[in-house]
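Under the numbering used here, the sequence shown is numbered contiguously, ending at residue 624.
C-beta atoms are modelled at their ideal positions from N, C-alpha and C, and glycine is treated no differently.
Because the structure is a prediction, the values reported are computed rather than measured.
Since the structure comes first, as structure tokens, the remarks are kept for the end.
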Amino acid sequence: MKIDIFNHVMPVPYLDMMKQHLKDQGILKRMSGLRMLWDIEARVRMLDQKFPDVQQVLTLSLPSPEMVGGPELAPELARIANDGMAGMTAKWPKKFPAFVASLPMNNVPAALDEMDRAIAQLGARGVQICTSVNGRALDEPEFFPVFERATGKHGVPIWMH
């Protein structure tokens with residue numbers, strides 16, 4: 464068995480929110496055109512046909528919640544994305560044995576809450592964050608609690624996207 468630990472998806476409800484809120488229509492067009500990101504039934508069929516010995520750990524594709532919405536909207540976007548990925552792992556556990564939670568990094572208190580929820584309630588096996596938060600470096604003290612909570616309290620890895 465081969466395990467792809469950094470495979471991207473775009474849950475349809477998240478894609479729908481992007482259509483409503485994303486200003487960059489270019490990236491929206493690109494993500495909408497990549498069927499295997501959002502048509503998970505088609506992806507499962509493709510995996511069964513071409514890669515029957517592959518499992519995928521699911522991560523959210525770009526754009527991340529903070530790229531789509533401000534600090535008020537990004538937490539809802541992260542919840543929608545994480546709920547969608549959790550649903551995929553529940554429906555197809557042999558193809559998708561795990562997912563990695565997406566966090567609203569432009570709202571650190573909400574990111575901590577969503578991390579706790581996604582790990583404790585949805586079964587996320589780690590968290591994914593982008594290498595910067597809308598141009599801000601991750602080594603700014605504001606972001607330290609995210610790293611501390613993931614590795615200290617939860618003992619999960621952090622995927623850097």
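Selected residue, minimal CA-CA separation from residue i, among the options
i, options, result
"Ala583", "Lys557, Asp546, Arg599", "Asp546"
"Met480", "Gln518, Lys513, Val596, Met530", "Met530"
"Leu478", "Gly532, Thr614, Val517, Trp555", "Gly532"
"Glu605", "Ala574, Lys465, Ala541", "Ala574"
"Asp467", "Gln483, Met473, Pro476, Leu510", "Leu510"
"Leu500", "Asp516, Met551, Ala537", "Met551"
"Asn570", "Gly618, Pro608, Ala505", "Pro608"
"Val472", "Lys486, Asp487, Arg498, Lys482", "Arg498"
"Lys486", "Ile503, Asp602, Pro526", "Pro526"
"Arg612", "His624, Ala600, Lys557, Leu566", "Leu566"
"Pro515", "Ala537, Lys557, Val475, Asp502", "Lys557"
"Ala537", "Gly618, Val507, Asp576, Asp502", "Asp576"
"Leu585", "Arg506, Met623, Ile543", "Ile543"
"Trp555", "Pro620, His617, Val507", "Val507"
"Ser595", "Lys465, Met494, His624, Phe469", "His624"
"Pro528", "Ala505, Pro476, Glu504, Ala553", "Pro476"
Rounded straight-line distance, which links the Cα of residue j to that of residue i
i, j, result
"Met548", "Gly489", "24 Å"
"Val590", "Lys492", "26 Å"
"His484", "Leu540", "10 Å"
"Gln518", "Met578", "24 Å"
"Leu601", "Pro474", "26 Å"
"Arg580", "Pro534", "18 Å"
"Ala587", "Asn597", "24 Å"
"Gly496", "Lys482", "13 Å"
"Ile621", "Ala553", "22 Å"
"Gly615", "Asn470", "25 Å"
"Asp502", "His617", "31 Å"
Host alpha helix (DSSP H) of residue i (start-end)
i, result
"Lys558", "Unbroken run through Lys558: none, as it is neither H nor E."
"Leu510", "503-513"
"His617", "Looking at the DSSP string, His617 is not in any alpha helix (DSSP H), and its letter there is neither H nor E."
"Asp479", "475-484"
"Leu523", "Segment 517-523 is the beta strand (DSSP E) holding Leu523; no alpha helix (DSSP H) there."
"Phe610", "607-611"
"Ser495", "488-496"
Element boundaries [beta strand (DSSP E), containing residue i]
i, result
"His471", "465-472"
Heavy atom of the ligand SAM within 7 Å of residue i beta-carbon
i, result
"Pro608", "No copy of the ligand SAM appears in this structure; indeed no ligand is present at all."
Three-pair Cβ contact test at 8 Å for the region 562-576 versus the region 521-530: yes
Segments of 4+ residues assigned as alpha helix (DSSP H) that fall wholly inside the region 532-601: 537-554, 571-580
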